[in-house]
Ligand code: B16
Ligand code: MG
């Protein structure tokens, strides 16, 4: 029987369906720079920091930029991203998330968020969901970004649990790599054929509770 004490959630693609807004903002930036961003790039942009994403987008367009220009472009993308979230409401919360969080709360399981997004804390507060989490570690609080495990290690430290006593829920390949490197158990949220490095993959939280998640390991 494995010992699980805490659950750590990625935000974008796990709790909220904001990945599409990130991508649409990158598409808009590419358009401004004069090229069309291939939809296949979307998967590669998931889970990584804003600057790492920008570098991939610029590479796709064969565009070189100075550090100052990159700061401006990243700001422009973030302004558009925030603009698309200005009417943020519950409809952005992924299916099954709230009942799942409620079931964990009822069991008294300590929860944390580990997100690459610098907007994560703001989004959770706007949705009034911050109360579910004992710790929220976002992109402003780390030096190294996914696939480095720092964000999850900090979350586990806040929960005061060993890494192998926590399950991380992740929708991105880079995030799964980060959690694995950090010694966590990892459940992928999404498609099995994409998230091949996760311990196991579920499509969404609908119908899941604390017991059904532990059963995945037994
Ligand atoms: P921001 P997660 C990640 O969030 C997104 O998946 C990724 O697409 C985004 O570039 C990154 O946050 C940074 O976001 O620009 O808001 O700081 O999946 O780690 O919760
Ligand atoms: Mg994610």
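In my numbering, the protein residues as written are 0 to 217.
C-beta: ideal position from N, C-alpha, C; glycine also.
| said: Taking 7 angstroms as the limit between beta carbons, can you name the residues of its chain near residue 62, skipping five residues before and five after? | reply: 32, listed in sequence order.
| message | Can you give me the C-alpha to C-alpha distance between residue 132 and residue 27, rounded to a whole angstrom? | response | When rounded, the distance between both Cα atoms is 33 angstroms.
| Skipping 5 residues on each side, what residues in its chain have a beta carbon closer than 8 angstroms to that of residue 145? | Within the same chain, residue 145 has close Cβ partners 46, 47, 48, 115, 171, 173, 174, 176, 177.
| query | Which residues does DSSP pair with residue 5 in a beta bridge? | reply | According to DSSP, which records beta bridges pairwise, residue 5 is partnered with 165.
| So which residues touch the region around the ligand MG, with touch meaning a C-beta under 6 angstroms from any heavy atom? | This selection yields 9, 11, 12, 13, 45, 46, 170, 171, 174.
| query | Looking only at DSSP bridge pairs, what is residue 26 linked to? | reply | According to DSSP, residue 26 bridges with nothing at all.
| said: Using only CA atoms, which one of 20, 68, 151, 210 lies nearest to residue 104? | reply: It is 210.
| message | Quick check: does the Cβ of residue 116 come within less than 7 angstroms of any heavy atom belonging to the ligand B16? | response | Residue 116 Cβ: within cutoff of the ligand B16.
| task | Starting from the Cα of residue 4, find the closest Cα among 188, 192, 183 and give me that residue. | result | Its Cα nearest to that of residue 4, the residue 183 stands out among 188, 192, 183.
| field | residue 21 CB to nearest heavy atom of the ligand B16 below 7 angstroms | value | Correct: residue 21 has its Cβ closer than 7 angstroms to the ligand B16.
| said: In this structure, how does DSSP classify residue 188 when only helix, strand and coil are distinguished? | reply: In this structure, residue 188 counts as strand in the three-state DSSP scheme.
| query | Do the segment 75–84 and the segment 182–196 touch if we need at least three Cβ pairs shorter than 8 angstroms? | reply | At 8 angstroms Cβ cutoff, the stretches do not touch.
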